[in-house]
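Numbering (full-length UniProt numbering), first residue to last: 1 to 878. Even for Gly, the Cβ is constructed at its ideal location relative to N, Cα and C. Notes to accompany the following structure.
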Amino acid sequence: MQIPSKYDASRVEDKWYDYWMKHNYFHSTPDEREPYTIVIPPPNVTGVLHMGHMLNNTIQDVLIRRARLQGKNACWVPGTDHASIATEAKVVARLKEQGIDKNDLSREEFLKHAWDWTHEYGGVILEQLKKLGCSCDWDRTKFTMDDDMSEAVIKVFVDLYNKGLIYRGYRMVNWDPEAKTTLSDEEVIHEERQGNLYYINYKIEGSDDTLTIATTRPETIFGDTAICINPNDERFKHLKERKAIVPICNRVVPIIEDEYVDLEFGTGCLKVTPAHDENDKVLGDKHNLEVIDIFHDNASLNSYGLQFEGLDRFEARKAVAKELESLGVLVKTEIHINKVGTSERTKAVIEPRLSDQWFLKMEDLVKPAIKAVLGEDNAIQLFPKKFENTYRHWMENIRDWNISRQLLWGQQIPAYFYGDGKEDFVVAETIEDAVTLARVKTSNSKLLASDLTQDKDALDTWFSSWLWPMSVFDGIRNPENEEINYYYPTNDLVTGPDILFFWVARMIIAGYEFRGEKPFENVYLTGLVRDKQRRKMSKSLGNSPDALKLIEAYGADGVRVGLLLSSAAGNDLLFDEALCQQGKAFGNKIWNAFRLVQGWEINESLGQPETAIVGLEWYEAKFQKALAEIEDHFNKYRLSDALMTIYKLIMDDFSSWLLEIVKPAYQQPIDAKTYNAVINAFENNLKVLHPFMPFLTEEIWQFISERTPEEALIIAKWPEHKSVNSALISEFDFASEVISGIRNIRKQKNIAFKDAIPFSIINNENATPTFDAVIAKLGNLEAIDYVNEAVDGALTFRVKSNEYFVPMAGAIDIEAEINKLTEELNYTEGFLKSVQKKLSNERFVNNAPEQVVASEKKKEADALAKIDTIKASLASLK
Numbered sequence: 001m002q003i004p005s006k007y008d009a010s011r012v013e014d015k016w017y018d019y020w021m022k023h024n025y026f027h028s029t030p031d032e033r034e035p036y037t038i039v040i041p042p043p044n045v046t047g048v049l050h051m052g053h054m055l056n057n058t059i060q061d062v063l064i065r066r067a068r069l070q071g072k073n074a075c076w077v078p079g080t081d082h083a084s085i086a087t088e089a090k091v092v093a094r095l096k097e098q099g100i101d102k103n104d105l106s107r108e109e110f111l112k113h114a115w116d117w118t119h120e121y122g123g124v125i126l127e128q129l130k131k132l133g134c135s136c137d138w139d140r141t142k143f144t145m146d147d148d149m150s151e152a153v154i155k156v157f158v159d160l161y162n163k164g165l166i167y168r169g170y171r172m173v174n175w176d177p178e179a180k181t182t183l184s185d186e187e188v189i190h191e192e193r194q195g196n197l198y199y200i201n202y203k204i205e206g207s208d209d210t211l212t213i214a215t216t217r218p219e220t221i222f223g224d225t226a227i228c229i230n231p232n233d234e235r236f237k238h239l240k241e242r243k244a245i246v247p248i249c250n251r252v253v254p255i256i257e258d259e260y261v262d263l264e265f266g267t268g269c270l271k272v273t274p275a276h277d278e279n280d281k282v283l284g285d286k287h288n289l290e291v292i293d294i295f296h297d298n299a300s301l302n303s304y305g306l307q308f309e310g311l312d313r314f315e316a317r318k319a320v321a322k323e324l325e326s327l328g329v330l331v332k333t334e335i336h337i338n339k340v341g342t343s344e345r346t347k348a349v350i351e352p353r354l355s356d357q358w359f360l361k362m363e364d365l366v367k368p369a370i371k372a373v374l375g376e377d378n379a380i381q382l383f384p385k386k387f388e389n390t391y392r393h394w395m396e397n398i399r400d401w402n403i404s405r406q407l408l409w410g411q412q413i414p415a416y417f418y419g420d421g422k423e424d425f426v427v428a429e430t431i432e433d434a435v436t437l438a439r440v441k442t443s444n445s446k447l448l449a450s451d452l453t454q455d456k457d458a459l460d461t462w463f464s465s466w467l468w469p470m471s472v473f474d475g476i477r478n479p480e481n482e483e484i485n486y487y488y489p490t491n492d493l494v495t496g497p498d499i500l501f502f503w504v505a506r507m508i509i510a511g512y513e514f515r516g517e518k519p520f521e522n523v524y525l526t527g528l529v530r531d532k533q534r535r536k537m538s539k540s541l542g543n544s545p546d547a548l549k550l551i552e553a554y555g556a557d558g559v560r561v562g563l564l565l566s567s568a569a570g571n572d573l574l575f576d577e578a579l580c581q582q583g584k585a586f587g588n589k590i591w592n593a594f595r596l597v598q599g600w601e602i603n604e605s606l607g608q609p610e611t612a613i614v615g616l617e618w619y620e621a622k623f624q625k626a627l628a629e630i631e632d633h634f635n636k637y638r639l640s641d642a643l644m645t646i647y648k649l650i651m652d653d654f655s656s657w658l659l660e661i662v663k664p665a666y667q668q669p670i671d672a673k674t675y676n677a678v679i680n681a682f683e684n685n686l687k688v689l690h691p692f693m694p695f696l697t698e699e700i701w702q703f704i705s706e707r708t709p710e711e712a713l714i715i716a717k718w719p720e721h722k723s724v725n726s727a728l729i730s731e732f733d734f735a736s737e738v739i740s741g742i743r744n745i746r747k748q749k750n751i752a753f754k755d756a757i758p759f760s761i762i763n764n765e766n767a768t769p770t771f772d773a774v775i776a777k778l779g780n781l782e783a784i785d786y787v788n789e790a791v792d793g794a795l796t797f798r799v800k801s802n803e804y805f806v807p808m809a810g811a812i813d814i815e816a817e818i819n820k821l822t823e824e825l826n827y828t829e830g831f832l833k834s835v836q837k838k839l840s841n842e843r844f845v846n847n848a849p850e851q852v853v854a855s856e857k858k859k860e861a862d863a864l865a866k867i868d869t870i871k872a873s874l875a876s877l878k
């Protein structure tokens, strides 16, 4: 086959991805092999590929491709998450563009629009992952709203309810007024924001006295049902058992006493609004206060807001403050920094709200999950381990999980109401089961399905994705099926630390609750992708490159290498497009090395030269040493280190040294034995590189020789471990320094490589002659002479205590060379004096950091060695 002169990723990538798909290499079914299973963190069905996805899925593909090469039954399950809040918002926005109000639609009508949207736009991100080279088992693609997946969610809800772990309660919840739904505590991000502290006078009933309260939210005064003071506060003894009048609405409220009030904050008087603050609700329950909800579901004021009805809460804040000022009761306003809860999805400011919601009791459920990660047996390991502390904090301070959402897109809560009372409901998997249960509960055998009304709320999206490692194998509905028993528990989970609690911890909880075992063995937590200024990449900042355009510019392999070269587990990746260029250049280097080898003419009758024999033996030792390092890095989830080891192996050891050692002379053939050994070494390189650069490696692999589908690189065998000849590696390291010394002299003296030069050694180190033939070839030496004394008229250099001589008689201007060396000697001796002066200063030696003193001592040793070398060179020239 004719090999193109340049590697063209755009020509290669689709070709090989289609080939892999055609031959079903990504697909897995249970067999006698050891399974290796990864489930994809399901991206939102609304999503498109961004840098975080690129990093996360590249890492997963590296792991799955390596497992495939190791002969394991590799199964990577892809899929998407229905993302209730995000998807419903997209659908609502689209309906609005069409002049349709969501509230005018029935549930069935809205869901039809949602499914239409999902079928049109959903799964785009999975197609984009194929461009990256992701070798998922696409036949297994799952969606959290698939019928079987939804059945599993409903089954789990009913099971937990019957165990007494799910309950319905009237609680203070986090309300997202933009999405118009509750959120769990974990979906609220607390941000420091600058606002105002408003000081407002409240009149005391029956007198001209006033008290002053300080609040950040004057718009909530319409919900005030008490003023609270600390019973130990001497300033307000005269207010005990009195009543206050709330400004504007003129509601008379009691003045209550409670030690909850902070004596130091604000004025020491606290307005109590039980419907709109969790702590106020606790006070309200304790003191039997009235609860007044002043907001609509979009956080605009309702009729309790009087003339401000209909105003958004932030507009109302300004308007109420202005009204208070006009009434003469706004004492002052101060700038105030406080923490504000915002929605993780919509970024809207959260509104505390009392509501009937469904909750899951977490106190007992969480115990096996804590032990799995933090217990002595380390059943589940987090990489890096620093996240164990974060995990511990979250899990040991866990609260009951609010699992209901006021949304239509999602699994509808399987609770069916048959009466007006709060307990007039049954929980069942189907309407038929619900009717049966309701008949028993009401003792009414004539009750019909039409008499029941299903709860309108949907379940939190995380309540479906926490089952993901089980539900993708149908392990909830059919807990003893062949696939769940074979693939579960899965092996590695790759995800971001930002969902360590949202998803990872909850999957662990679910795994122990529903299967009695862990869902995975290891969790590899990637860092965030940031720009060179350490800013998180985002659309709003405009600092996130288009992922597909990067692939178009640098090839998928180049982008993969660029991402992984600087992405140590758990540490943020400072993305620089130059890294992708480096990845592309690496690919080109490998391609050119292959073209070089393929261009050699082979002569079957030639014997194998000594240089090739020892060079190939050395490279095998280097490869085995690198292979051990690579596998150690993989075991510790240091994928960037594994890639760097491969990078150096191929760039330095293979391309820069081995190919030079075995390369035949200009226009001369190579012997067949050496050629075949080089190809074998090349193939081993391709195997260890394939997980990182799948397209390039498969292209070269298929060019090396014609392969059947059973011989494709993607399913080749990972290289075998052999013993490492460390002595040979050490000997070559020494020889390579000698070669570098010769090359330096050639460069300094402008001696063409075609001109052979004499060479002599004083072998003080008793170095073996193993690589003498290699030194002679790569240095183009006339011969190598072992001598006992310095050679006159020669330039010298040292490697350790060995002295090497390149006789230069007639080749250089001796006088000019003596002057140059003398000048260099004078400079180095001056530098040595300055270093020794510093080291002779006891104050410096005793007080300077240990590494600083060590650095100065190294400078001294290097200067002394250099002076010896220069003096030897001068002596040989005189």
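Practice item. Give the secondary structure of residue 953 by DSSP, where H, G and I count as helix, E and B as strand, and everything else as coil. Key: Outside the shown range of the chain (1 to 878) lies residue 953, about which nothing can therefore be said.
Point to revise | Three-state secondary structure assigned by DSSP to residue 53 | key: helix
Exercise for review: Provide the residue(s) that pair with residue 351 in DSSP beta bridges, ordered along the chain.
Suggested key: 175
Practice item. Grab me the residues of residue 765's own chain with a C-beta within less than 6 Å of its C-beta, minus the 5 sequence neighbours each way, in chain order. Key: 800, 801, 802
**Study point:** Contacting residues, own chain, Cβ-Cβ under 6 Å from residue 431 (five flanking each side not counted)
**Key:** Counting only Cβ-Cβ distances below 6 Å, and skipping sequence neighbours, we find 449.
Exercise for review: Name the residue from 12, 68, 284 whose alpha carbon lies nearest to the alpha carbon of residue 717.
Suggested key: Per the Cα distances, 68.
Review point. Any idea which residues DSSP pairs residue 257 with across the strands?
Key: 229
Exercise for review: Have a look at residue 561 and residue 722 and give me their C-alpha separation to the nearest angstrom.
Suggested key: Cα-Cα distance, rounded: 28 Å.
Check your understanding: So what's residue 242 in DSSP terms, helix, strand or just coil?
Key -> DSSP, reduced to helix, strand and coil, places residue 242 outside both helices and strands of the structure shown, so it counts as coil.
Point to revise | residue 758, DSSP secondary structure in three states | key: coil
**Study point:** Strand pairing of residue 880, partner residues [DSSP]
**Key:** Outside the shown range of the chain (1 to 878) lies residue 880, about which nothing can therefore be said.
Check your understanding: Of the choices 660, 477, 552, 859, whose alpha-carbon is the least far from that of residue 149?
Key -> Nearest option by C-alpha distance: 477.
Check your understanding: Along the chain, where does the alpha helix (DSSP H) that runs through residue 370 open and close?
Key -> 367-374
Practice item. Put residue 810 into one of helix, strand or coil per three-state DSSP. Key: Residue confidence for residue 810 is low, a pLDDT of 49 falling below 50, so the modelled location carries little weight; the figure read from the coordinates is stated next. Here residue 810 sits in coil by DSSP.
Check your understanding: What residue from 274, 278, 283 has the CA that sits closest to residue 293's CA?
Key -> Residue 274 is the option with its Cα nearest to residue 293.
**Study point:** Proximity below 8 Å, CB of residue 342 to CB of residue 191
**Key:** Taking the C-beta atoms as reference points, residue 191 is found nearer than 8 Å to residue 342.
Check your understanding: By DSSP, does residue 71 sit in helix, in strand, or in coil?
Key -> Coil.
Review point. Can you tell me where the alpha helix (DSSP H) with residue 694 in it begins and where it stops?
Key: 694-704
Check your understanding: Exposed or buried, which one is residue 305 when buried takes at least 16 other CB atoms within 10 Å?
Key -> It is buried - the Cβ of residue 305 has at least 16 other Cβ atoms within 10 Å.
Check your understanding: Out of 644, 614, 628, which has the shortest C-alpha to C-alpha gap to residue 579?
Key -> 644
Check your understanding: Nearest to residue 346 by alpha carbon, out of 537, 86, 719, 798?
Key -> When each option's Cα is compared against that of residue 346, the closest is 86.
Practice item. Using 10 angstroms around the beta-carbon of residue 176, count the other beta-carbons present and answer buried if the total reaches 16, otherwise exposed. Key: buried
Review point. If you draw a straight line from the alpha carbon of residue 41 to that of residue 130, how long is it in whole angstroms?
Key: 16 Å
Practice item. For residue 636, count neighbouring C-beta atoms within 10 Å of its own C-beta (all shown protein chains included) and say buried if the count is 16 or more, exposed if not. Key: Residue 636 sits exposed, since fewer than 16 C-beta atoms from the chains shown fall within 10 Å of its C-beta.
Check your understanding: Taking Cβ to Cβ, would you say residue 460 is nearer than 8 Å to residue 506?
Key -> no
Review point. Which whole-angstrom value describes the C-beta separation of residue 269 and residue 229, a residue pair presumed to lie in contact below a C-beta threshold of 8 Å?
Key: 6 Å
Review point. On the three-state DSSP scale, how would you describe residue 855?
Key: helix
Check your understanding: Who are the near neighbours of residue 634 in its chain, counting only those whose CB is closer than 6 Å to its CB and skipping five residues on each side?
Key -> Result list for residue 634: 642, in chain order.
Point to revise | Per-residue DSSP class, three states only, for residue 580 | key: helix
Point to revise | Whole-Å CB distance - residue 696 paired with residue 167, under 8 Å assumed | key: Going by Cβ atoms, the distance from residue 696 to residue 167 rounds to 57 Å, so no, they are not a contact pair.
Review point. Are there three or more Cβ pairs, one per stretch, closer than 8 Å when the stretch 431-443 is compared with the stretch 360-375?
Key: no
Review point. At what residue ranges does the stretch 582-653 contain a whole run of the alpha helix (DSSP H), taking only runs of 4 or more?
Key: Counting only runs of 4 or more, we get 610-635, 639-648.
Check your understanding: Ordered along the chain, which non-local residues of its own chain (more than five positions away) have a Cβ less than 8 Å from that of residue 548?
Key -> Cβ within range, chain order: 49, 128, 131.
Check your understanding: So residue 843 is in the alpha helix (DSSP H); what residue range does that whole segment cover?
Key -> Residue range 842-847 is occupied by the alpha helix (DSSP H) that includes residue 843.
Check your understanding: Are the beta-carbon atoms of residue 289 and residue 220 separated by less than 8 Å?
Key -> no
Review point. Exposed or buried, which one is residue 31 when buried takes at least 16 other CB atoms within 10 Å?
Key: exposed
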